[in-house]
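Since the structure comes first, as structure tokens, the remarks are kept for the end.
Protein chains: 2
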Amino acid sequence: VNAQILTIGDELVLGQVVDTHSAYLAQRLATVGVRTFRHLCVADNVNAIAEAVQRSLGESDLLLILGGLGPTEDDLTRQAVAQALGAELILDPEWKVRIEERFHARGLDLPERNEIQAMIPRGARLLTNRLGTAAGFEATANGTRLVVLPGVPSEMKAMFEDHLLPGLSEAGDTIFVTRRLHCFGAPESSIHQQIEDLMKTGRHANPQVGILAQSGVITIKFVAEAANEIDARVKLDPLERTCRERLGELIFGRDGETLEVAVAKRLEARKKTLALAESCTGGLLGHLLTNIPGISRFFLGGIVAYSNAAKTELLGVPPEWFETVGAVSAKVAQAMAEGAGRKSGADVGVGITGIAGPEGGTREKPIGLVYIAVCVDGETTVERHQFRGMRETIKDRAAKSTFNLVRKCLA
Amino acid sequence: VNAQILTIGDELVLGQVVDTHSAYLAQRLATVGVRTFRHLCVADNVNAIAEAVQRSLGESDLLLILGGLGPTEDDLTRQAVAQALGAELILDPEWKVRIEERFHARGLDLPERNEIQAMIPRGARLLTNRLGTAAGFEATANGTRLVVLPGVPSEMKAMFEDHLLPGLSEAGDTIFVTRRLHCFGAPESSIHQQIEDLMKTGRHANPQVGILAQSGVITIKFVAEAANEIDARVKLDPLERTCRERLGELIFGRDGETLEVAVAKRLEARKKTLALAESCTGGLLGHLLTNIPGISRFFLGGIVAYSNAAKTELLGVPPEWFETVGAVSAKVAQAMAEGAGRKSGADVGVGITGIAGPEGGTREKPIGLVYIAVCVDGETTVERHQFRGMRETIKDRAAKSTFNLVRKCLA
Numbered sequence: 062v063n064a065q066i067l068t069i070g071d072e073l074v075l076g077q078v079v080d081t082h083s084a085y086l087a088q089r090l091a092t093v094g095v096r097t098f099r100h101l102c103v104a105d106n107v108n109a110i111a112e113a114v115q116r117s118l119g120e121s122d123l124l125l126i127l128g129g130l131g132p133t134e135d136d137l138t139r140q141a142v143a144q145a146l147g148a149e150l151i152l153d154p155e156w157k158v159r160i161e162e163r164f165h166a167r168g169l170d171l172p173e174r175n176e177i178q179a180m181i182p183r184g185a186r187l188l189t190n191r192l193g194t195a196a197g198f199e200a201t202a203n204g205t206r207l208v209v210l211p212g213v214p215s216e217m218k219a220m221f222e223d224h225l226l227p228g229l230s231e232a233g234d235t236i237f238v239t240r241r242l243h244c245f246g247a248p249e250s251s252i253h254q255q256i257e258d259l260m261k262t263g264r265h266a267n268p269q270v271g272i273l274a275q276s277g278v279i280t281i282k283f284v285a286e287a288a289n290e291i292d293a294r295v296k297l298d299p300l301e302r303t304c305r306e307r308l309g310e311l312i313f314g315r316d317g318e319t320l321e322v323a324v325a326k327r328l329e330a331r332k333k334t335l336a337l338a339e340s341c342t343g344g345l346l347g348h349l350l351t352n353i354p355g356i357s358r359f360f361l362g363g364i365v366a367y368s369n370a371a372k373t374e375l376l377g378v379p380p381e382w383f384e385t386v387g388a389v390s391a392k393v394a395q396a397m398a399e400g401a402g403r404k405s406g407a408d409v410g411v412g413i414t415g416i417a418g419p420e421g422g423t424r425e426k427p428i429g430l431v432y433i434a435v436c437v438d439g440e441t442t443v444e445r446h447q448f449r450g451m452r453e454t455i456k457d458r459a460a461k462s463t464f465n466l467v468r469k470c471l472a
Numbered sequence: 062v063n064a065q066i067l068t069i070g071d072e073l074v075l076g077q078v079v080d081t082h083s084a085y086l087a088q089r090l091a092t093v094g095v096r097t098f099r100h101l102c103v104a105d106n107v108n109a110i111a112e113a114v115q116r117s118l119g120e121s122d123l124l125l126i127l128g129g130l131g132p133t134e135d136d137l138t139r140q141a142v143a144q145a146l147g148a149e150l151i152l153d154p155e156w157k158v159r160i161e162e163r164f165h166a167r168g169l170d171l172p173e174r175n176e177i178q179a180m181i182p183r184g185a186r187l188l189t190n191r192l193g194t195a196a197g198f199e200a201t202a203n204g205t206r207l208v209v210l211p212g213v214p215s216e217m218k219a220m221f222e223d224h225l226l227p228g229l230s231e232a233g234d235t236i237f238v239t240r241r242l243h244c245f246g247a248p249e250s251s252i253h254q255q256i257e258d259l260m261k262t263g264r265h266a267n268p269q270v271g272i273l274a275q276s277g278v279i280t281i282k283f284v285a286e287a288a289n290e291i292d293a294r295v296k297l298d299p300l301e302r303t304c305r306e307r308l309g310e311l312i313f314g315r316d317g318e319t320l321e322v323a324v325a326k327r328l329e330a331r332k333k334t335l336a337l338a339e340s341c342t343g344g345l346l347g348h349l350l351t352n353i354p355g356i357s358r359f360f361l362g363g364i365v366a367y368s369n370a371a372k373t374e375l376l377g378v379p380p381e382w383f384e385t386v387g388a389v390s391a392k393v394a395q396a397m398a399e400g401a402g403r404k405s406g407a408d409v410g411v412g413i414t415g416i417a418g419p420e421g422g423t424r425e426k427p428i429g430l431v432y433i434a435v436c437v438d439g440e441t442t443v444e445r446h447q448f449r450g451m452r453e454t455i456k457d458r459a460a461k462s463t464f465n466l467v468r469k470c471l472a
């Protein structure tokens with residue numbers, strides 16, 4: 062089974078928004094053995110969309126079409142696909158009732174324009190949308206199964222998983238299974254060197270092994286083609302074992318695991334609670350931790366001590382230190398970590414202080430200088446880092462390095 | 062002048078890497094009046110690439126081709142483009158010397174495989190690459206100017222700016238200027254209704270006016286085609302004025318302005334400082350605020366009171382309230398906002414408490430229920446919200462609604 066993906070939108074084609082949907086879908090399709098061989102993106106224009114659809118029909122088993130199902134006059138995908146199929150648009154009365162109900166639930170009448178969201182080409186099958194008002198639809202033409210989904214990310218994903226993925230997983234004869242091992246704390250070249258002999262790329266390598274560096278995290282990626290999950294595992298497990306033997310603690314997680322998830326797992330394993338004292342990250346550490354469902358069992362809270370006064374009042378940092386060692390120093394980081402633990406009764410206290418820029422750097426304390434302290438049961442470890450880049454990059458790297466230190470301190 | 066962008070790579074078409082190049086180039090092209098109308102992405106396969114090139118020739122003034130110029134056997138763009146042009150690949154001896162020198166500088170001999178990086182189709186013009194070894198090239202066929210650049214981001218960008226952009230800026234007689242107005246606090250359909258008569262889309266509308274909804278923010282987008290910046294402004298300013306008259310406080314910002322930037326601007330205008338008490342957002346509010354350079358003048362700090370104990374100890378919420386009204390209540394939100402202001406001496410205190418899920422919901426207090434309180438100089442406003450979606454969506458909407466309330470309270 063092979064597939065093409067057609068995304069629609071002026072904002073995409075003009076580059077105002079980066080298309081992440083195509084990559085998401087191609088990756089999900091690969092997991093069930095569907096190979097995507099082309100992405101196409103066109104503007105909100107009936108003729109351009111219809112032409113792209115017509116060109117693509119007959120070329121692939123599956124044609125996924127995304128976006129342009131909203132209620133405004135920019136949203137022209139329904140009309141264009143109907144035109145390409147040579148069918149008229151007809152109203153699905155059941156879906157119209159469903160979207161009326163959604164509006165009524167918010168105390169609103171169904172705006173006339175939203176009625177279009179219940180229209181599909183005659184002969185097509187409506188695909189329900191449990192998160193929004195835009196119905197999707199599917200049809201078959203020239204041997205191609207054509208599936209039209211809204212561009213809203215959550216709706217697109219839910220509908221893809223609800224309506225498309227289950228049938229596809231049953232249909233394919235081989236599947237692609239991807240496994241990723243994430244490393245932090247060493248440069249890509251050093252990790253590359255240690256696993257170079259395992260790396261295979263190209264269409265016929267099985268499993269394929271590659272390396273990807275993204276935002277400081279180095280990911281080793283294995284893709285196995287196999288008849289089923291078990292055969293894939295037989296191919297992947299020895300590779301994963303070899304990588305783990307060679308790279309040890311550099312590997313912090315697998316597949317969807319982030320550094321903060323690695324921290325949460327260590328907290329759970331060691332039955333510890335954690336509290337934060339953030340300065341330069343401004344709340345990012347707490348935000349990332351609280352993206353993890355159920356984290357409230359281990360994460361008690363934190364203090365964003367952005368100003369020096371806050372560091373003193375909320376964390377007990379002696380005010381004279383700002384004159385002597387300065388707010389960005391190992392000593393203040395340590396006092397913040399210990400203060401966070403003490404104030405909240407947590408087993409693990411984390412303190413971070415640094416200069417995210419673009420202002421505030423000096424020759425001795427340049428932009429990107431960050432001190433991280435982790436205090437576990439009264440014992441504190443401090444690290445000094447010098448990051449490069451813009452404000453948001455510095456915050457990101459500082460957050461990752463902090464979680465990495467916490468993880469190591471809880472090993 | 063119009064353009065198509067063709068990106069090449071297995072990792073792109075299989076979704077292992079998100080294509081950000083197309084958006085980058087389309088945006089840069091728009092600034093010099095070149096309108097991109099199609100993106101296409103195909104795998105590392107000679108026939109697929111050659112076919113895509115052949116199909117696209119004659120359709121546009123400019124065809125940008127990216128990627129597949131490396132030295133490995135996966136890199137097939139040179140061969141494929143030569144095939145599409147019906148030309149053989151020939152070695153550029155000068156460029157071969159240049160890349161030999163690059164290798165020698167690192168104490169290495171030129172690997173045989175890298176010689177391909179100095180080959181271009183006969184009749185094409187070589188484009189130098191000051192950051193890498195892969196030469197680019199350009200040629201004209203069927204009235205289309207075809208430009209081939211490497212996929213390495215830094216090399217692609219440098220070569221685009223060096224070789225392509227200067228000529229294009231001189232050639233174009235018009236430019237495209239985009240302006241965006243961002244709204245929050247009303248559904249897309251209601252905003253649409255209020256500016257419906259202004260909306261014009263399609264290739265010939267000038268300025269084009271459209272609406273985009275993303276993560277709760279409704280954006281009105283104007284694209285003007287004009288001879289120069291001033292002419293563009295003459296077209297855009299009256300439209301912006303009309304939208305502002307009709308939508309008033311619903312509009313929180315323009316172009317790159319986020320809700321948190323709108324808050325920062327109000328704080329600056331009113332000379333106020335702010336402190337946060339976050340529960341369900343877990344630090345997200347602080348993180349977003351501290352992405353703004355220079356925010357330390359207005360943002361003092363915050364408390365992430367994730368546990369009830371933290372709400373009591375750090376913010377002074379009476380512990381018996383957790384039994385009577387519950388942690389997720391207007392009363393607790395108000396106490397948190399007032400506590401945040403009092404503890405840190407800020408003029409504005411913000412409190413937010415809610416249930417982000419996926420656990421912890423009850424019939425009376427379902428997942429997505431959030432109370433937001435903003436206390437300005439002792440006067441507190443509380444809002445109750447019921448959000449839908451996953452944990453991260455609820456956090457995102459809660460954060461946006463909080464900044465929106467702060468903005469309104471500082472109007």
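Respectively, the protein sequence lines represent chains U and P.
So my numbering is basically just the index in the first sequence, starting at one, shifted up by 61.
So my numbering is basically just the index in the second sequence, starting at one, shifted up by 61.
Note that the Cβ used here is the ideal one computed from N, Cα and C, for glycine as well.
Would you check if the stretch 303-311 of chain P and the stretch 314-325 of chain U touch, i.e. whether three or more CB-CB distances between them fall below 8 angstroms?
-> no
Looking at C-alpha atoms only, which residue of P:Val378, P:Leu361, P:Cys436 and P:Gln115 is the closest neighbour of P:Thr205?
-> What you label residue 205 of chain P is simply residue 144 of the second sequence in a count that begins at 1. It is P:Gln115.
Take the Cβ of P:Leu152 as the centre, count every other Cβ of all protein chains shown within 10 Å, and call the residue buried at 16 or more, exposed below.
-> Counting from 1 along the second sequence, the entry for residue 152 of chain P is found at position 91. Exposed is the call here.
P:Leu171 Cβ short of 8 angstroms to the ligand COA heavy atom set = What this structure holds is no ligand at all, so the ligand COA is not there to describe.
Assign P:Gly402 to buried or exposed, taking buried as 16 or more other Cβ atoms, counted over all protein chains shown, within 10 Å of its Cβ.
-> Here the question's residue 402 of chain P lines up with position 341 in the second sequence. Buried, by the Cβ-count rule.
Buried or exposed by the 16-neighbour rule on C-beta atoms within 10 Å, applied to P:Ser83 = Walking along the second sequence from the start, residue 83 of chain P turns up at place 22. The residue in question, P:Ser83, is buried, as its Cβ has 16 or more Cβ neighbours within 10 Å.
How many angstroms separate the CA atom of P:Ser215 from the CA atom of P:Thr138?
-> Within the second sequence, residue 215 of chain P is the residue found at index 154, counting from 1. Within the second sequence, residue 138 of chain P is the residue found at index 77, counting from 1. C-alpha separation (whole angstroms): 19 angstroms.
Starting from the C-beta of U:Ala179, find all residues in its chain whose C-beta is less than 7 angstroms away, skip the five residues before and the five after it, and write them out in chain order.
-> Within the first sequence, the letter at position 118 stands for residue 179 of chain U. Cβ within range, chain order: Leu152, Asp153, Trp156, Lys157, Ile160 and Ala196.
Excluding the 5 residues preceding and the 5 following P:Gly377 in the sequence, name in chain order all residues of the same chain whose CB lies nearer than 6 angstroms to its CB.
-> To locate residue 377 of chain P, count along the second sequence from 1; it is residue 316. So the list reads Gly400, once near-sequence residues are dropped.
Where do the N-terminal and C-terminal ends of the beta strand (DSSP E) with P:Leu207 fall, by residue?
-> As a working note, residue 207 of chain P is residue 146 in the second sequence. Thr205 to Leu210 is the extent of the beta strand (DSSP E) around P:Leu207.
Among U:Ser340, U:Leu350 and U:Gly246, which residue has its Cα nearest to the Cα of U:Ala325?
-> Residue 325 of chain U sits at position 264 when you count from the first residue of the first sequence. Comparing Cα positions, the closest option is U:Leu350.
On the three-state DSSP scale, how would you describe U:Met180?
-> Within the first sequence, the letter at position 119 stands for residue 180 of chain U. U:Met180: strand per DSSP, three-state reduction.
Where does P:Val213 fall in DSSP's three states?
-> Here residue 213 of chain P is taken as the residue at index 152 of the second sequence, counted from 1. If DSSP states are grouped into helix, strand and coil, P:Val213 belongs with coil.
Please list the partners that P:Val437 has in chain U, where partner means a Cβ-to-Cβ separation under 7 angstroms.
-> Position 376 of the second sequence holds residue 437 of chain P. Per Cβ cutoff of 7 angstroms: no residues; P:Val437 is ~19 angstroms from chain U at best.
Pick from P:Glu290, P:Leu127, P:Asp408 and P:Ile356: whose alpha carbon is nearest that of P:Ile110?
-> What you label residue 110 of chain P is simply residue 49 of the second sequence in a count that begins at 1. Closest option to P:Ile110, Cα to Cα, is P:Leu127.
Compare the C-alpha of P:Thr280 against each of P:Lys333, P:Gly129, P:Ile69 and P:Arg241 and name the closest.
-> Position 219 of the second sequence, counting from 1, holds the residue named residue 280 of chain P. Closest option to P:Thr280, Cα to Cα, is P:Arg241.
Any chain C beta carbon closer than 9 angstroms to P:Arg424 | Checking the listed chains, one finds no chain C in this structure; the protein chains it contains are U and P.
Can you give the Cα-Cα distance for U:Gln144 and U:Glu112, rounded to whole angstroms?
-> Counted from its first residue, the first sequence places residue 144 of chain U at position 83. Counted from its first residue, the first sequence places residue 112 of chain U at position 51. Roughly 9 angstroms between the two C-alpha positions.
Nearest-angstrom Cα separation, counted from U:Leu345 out to U:Ala460 | As a first step, residue 460 of chain U must be located in the first sequence, where it is residue number 399. As a first step, residue 345 of chain U must be located in the first sequence, where it is residue number 284. Straight-line Cα distance between these residues: approximately 7 angstroms.
Taking Cβ positions only, does U:Ser405 come closer than 9 angstroms to chain P?
-> Reading the first sequence from its first residue, position 344 is the one you call residue 405 of chain U. True, the Cβ-Cβ gap to chain P drops below 9 angstroms.
Looking at chain P, which residues of the stretch 350-367 of chain U have a Cβ within less than 9 angstroms of any of its Cβ atoms?
-> Leu350, Thr351, Asn352, Ile353, Pro354, Gly355, Ile356, Ser357, Phe360, Leu361, Gly362, Gly363, Ile364, Val365, Ala366 and Tyr367
How about P:Ser230 and P:Thr454: do their beta carbons lie closer than 9 angstroms?
-> For the purposes of this step, residue 230 of chain P is taken as the residue at position 169 of the second sequence. For the purposes of this step, residue 454 of chain P is taken as the residue at position 393 of the second sequence. Taking 9 angstroms as the Cβ cut-off, P:Ser230 and P:Thr454 do not qualify as a contacting pair.
Interfacial residues, the stretch 164-177 of chain U to chain P, with Cβ spacing under 9 angstroms | Phe164, Arg167, Leu169, Pro172, Arg174 and Asn175
Since U:Lys326 sits in a beta bridge, which residues does DSSP pair it with?
-> Counting from one through the first sequence, the residue named residue 326 of chain U turns up at place 265. Looking at the DSSP assignment, U:Lys326 forms no beta bridge with any residue, so it has no partner.
Where P:Glu453 meets chain U, residues with beta-carbon distance less than 8 angstroms = By 1-based counting over the second sequence, the position of residue 453 of chain P is 392. The contacting residues are Asn352.
Is P:Thr373 helix, strand or coil when you go by DSSP?
-> The count along the second sequence starts at 1 and reaches residue 373 of chain P at position 312. It is helical.
Answer yes or no: does any C-beta atom of chain U fall closer than 9 angstroms to that of P:Lys461?
-> Reading the second sequence from its first residue, position 400 is the one you call residue 461 of chain P. No, P:Lys461 lies away from the interface with chain U (no Cβ there is under 9 angstroms from its Cβ).
How should U:Ala396 be labelled, buried or exposed, when 16 other C-beta atoms within 10 angstroms of its C-beta is the threshold for buried?
-> Within the first sequence, residue 396 of chain U is the residue found at index 335, counting from 1. Classification of U:Ala396: buried, given that the 10 Å Cβ count is 16 or more.
Whether P:Pro268 touches P:Leu320 by CB criterion (9 angstroms) = On the second sequence, position 207 is the one that residue 268 of chain P refers to. On the second sequence, position 259 is the one that residue 320 of chain P refers to. Not a contact, by the Cβ cut-off of 9 angstroms.
Is P:Cys436 helix, strand or coil by DSSP?
-> On the second sequence, position 375 is the one that residue 436 of chain P refers to. Strand at P:Cys436.
Spell out a yes or no on whether the stretch 65-75 of chain P and the stretch 84-93 of chain U are touching, meaning 3 or more CB-CB pairs, one atom from each, closer than 8 angstroms.
-> yes
Positions along the stretch 77-99 of chain P whose CB lies within less than 9 angstroms of some CB in chain U = Gln77, Val78, Val79, Asp80, Thr81, Ser83, Ala84, Tyr85, Leu86, Ala87, Gln88, Arg89, Leu90, Ala91, Arg96, Thr97, Phe98 and Arg99
For P:Asn190, collect the residues of the same chain with a Cβ closer than 7 angstroms to its Cβ; drop the 5 residues on either side in sequence, then sort them by chain order.
-> Numbered from 1 along the second sequence, position 129 holds the residue referred to as residue 190 of chain P. Within the same chain, P:Asn190 has close Cβ partners Ala196, Gly197, Pro211, Glu216 and Met220.
On the DSSP bridge assignment, give the partners of P:Gln447 in chain order.
-> Working through the second sequence from its first residue, we reach residue 447 of chain P at position 386. According to DSSP, P:Gln447 bridges with P:Leu430.
Which bits of chain U does P:Gly450 rub up against, with CB to CB less than 7 angstroms?
-> Against the second sequence, residue 450 of chain P aligns to sequence position 389. Residues of chain U passing the Cβ test: Ser215.
What first and last residue would you give for the alpha helix (DSSP H) that runs through P:Lys157?
-> In the second sequence, counting from the first residue as 1, residue 157 of chain P sits at position 96. Counting along the chain, the alpha helix (DSSP H) containing P:Lys157 begins and ends at Pro154 to Ala166.
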